[in-house]
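Asks: I have a structure here, written as structure tokens, and I will follow up with some questions on it.
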Amino acid sequence: MFLKIIIFLFLNKIQTKNITLEEAKRTSPIPFIESFCDLAFLKFIYGMRDFRKHYDKGYDCGEGLEINNSGIKWYYDDELVMCLSFVYKGCGGNENRFNSALECLGACRPADDGNIRLECTIGKEEKLIPCGDRHAIERSYHGGVDECPPGYRCSSVSIAMDYCCNRDLYYKNTQPKCKNGKKALEYFGKFCEEEFCPLDSNCIQLELFAHCCPK
């Protein structure tokens with residue numbers, strides 16, 4: 012309730028007084044949202060539902076239209092902390108759509124521990140598990156272990172602490188190799204059923220992700 016009152020007073024201020032963008036940023040009681048991916052701050056600070064893990068394929072624009080932006084696009088999955096591929100039909104959809112993985116990462120670059128969190132939690136529902144002898148006090152406080160679960164190993168993936176990670180499975184899925192010896196394409200998805208691979212390639216489903224191999 013107190014936060015709502017502060018926000019109300021702030022909004023009333025900018026409606027009754029000429030205020031610059033910089034002043035609004037400086038005096039705002041909540042994180043100032045300028046872009047689509049800035050909504051992450053609201054999720055982490057206020058526990059709001061983050062819709063960025065959802066993408067919208069849109070709809071077919073129909074024949075005769077001069078503008079048709081259909082094709083393979085990228086969306087940012089906040090749950091996995093990475094950019095994935097999907098097929099956009101050309102019209103409609105939402106803002107969680109980018110023309111390349113580079114553009115997606117540039118707009119929604121994850122926190123420094125993004126890959127750490129992914130590679131150390133895949134394959135199980137538990138949170139990060141501290142391990143090893145480094146920072147024993149912190150490890151004990153966060154529920155650390157002396158030995159990692161089967162299939163995991165204690166890895167130095169953070170300056171602050173070591174974690175139990177299934178890094179082999181992580182790299183197998185994020186740096187896949189095609190059985191025909193050809194280089195895997197840049198497109199990644201959660202499931203082959205999403206049909207995100209180009210027509211001249213085959214979709215290969217692994218434990219965590221699906222990727223595309225040239226025919």
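Residue 89 in my numbering sits at position 78 of the sequence shown, with consecutive numbering throughout.
The beta carbon of each residue, even a glycine, is placed where N, CA and C say it ideally should be.
Bear in mind the structure is a predicted one, so any value in this text is a computation, not a measurement.
Residues in the same chain with beta-carbon distance under 6 Å from A221, minus the five sequence neighbours each way, listed in chain order, please.
Replies: Taken in chain order, the residues that qualify are G200, F202, C203, C214.
Asks: Using DSSP bridges, identify the partner residues of S166.
Replies: Beta-bridge pairing links S166 to Y174.
Asks: Taking a contact to mean a Cβ-Cβ separation below 8 Å, would you say S81 touches Y198 in this structure?
Replies: In this structure, Y198 does not lie closer than 8 Å to S81 by Cβ.
Asks: Are the beta-carbon atoms of G104 and G143 separated by less than 8 Å?
Replies: Taking 8 Å as the Cβ cut-off, G104 and G143 do not qualify as a contacting pair.
Asks: Label D173 either buried or exposed according to how many other C-beta atoms from any shown protein chain fall within 10 Å of its C-beta, with 16 as the threshold for buried.
Replies: Its Cβ being crowded by 16 or more others within 10 Å, D173 is buried.
Asks: Assuming F109 and C102 form a contact by the criterion Cβ under 8 Å, report the distance between their Cβ atoms to the nearest whole angstrom.
Replies: Not confirmed; about 17 Å, so no contact.
Asks: Report the rounded CA-to-CA distance for S212 versus P141, giving the unit in angstroms.
Replies: Going by the C-alpha atoms only, they are around 40 Å apart.
Asks: Are the CB atoms of C159 and C175 nearer to each other than 8 Å?
Replies: Taking 8 Å as the Cβ cut-off, C159 and C175 qualify as a contacting pair.
Asks: Just reading off the beta strand (DSSP E) that C214 is part of, what are its end residues?
Replies: C214 -> beta strand (DSSP E) spans 212 to 216.
Asks: Since G83 sits in a beta bridge, which residues does DSSP pair it with?
Replies: The sequence given here has Ile at residue 83, not Gly. Its beta-bridge partners are V98.
Asks: Run the proximity test for G103: is its beta-carbon closer than 7 Å to any non-hydrogen atom belonging to the ligand ZN?
Replies: Because no ligand of any kind appears in the structure shown, any question about the ligand ZN cannot be addressed here.
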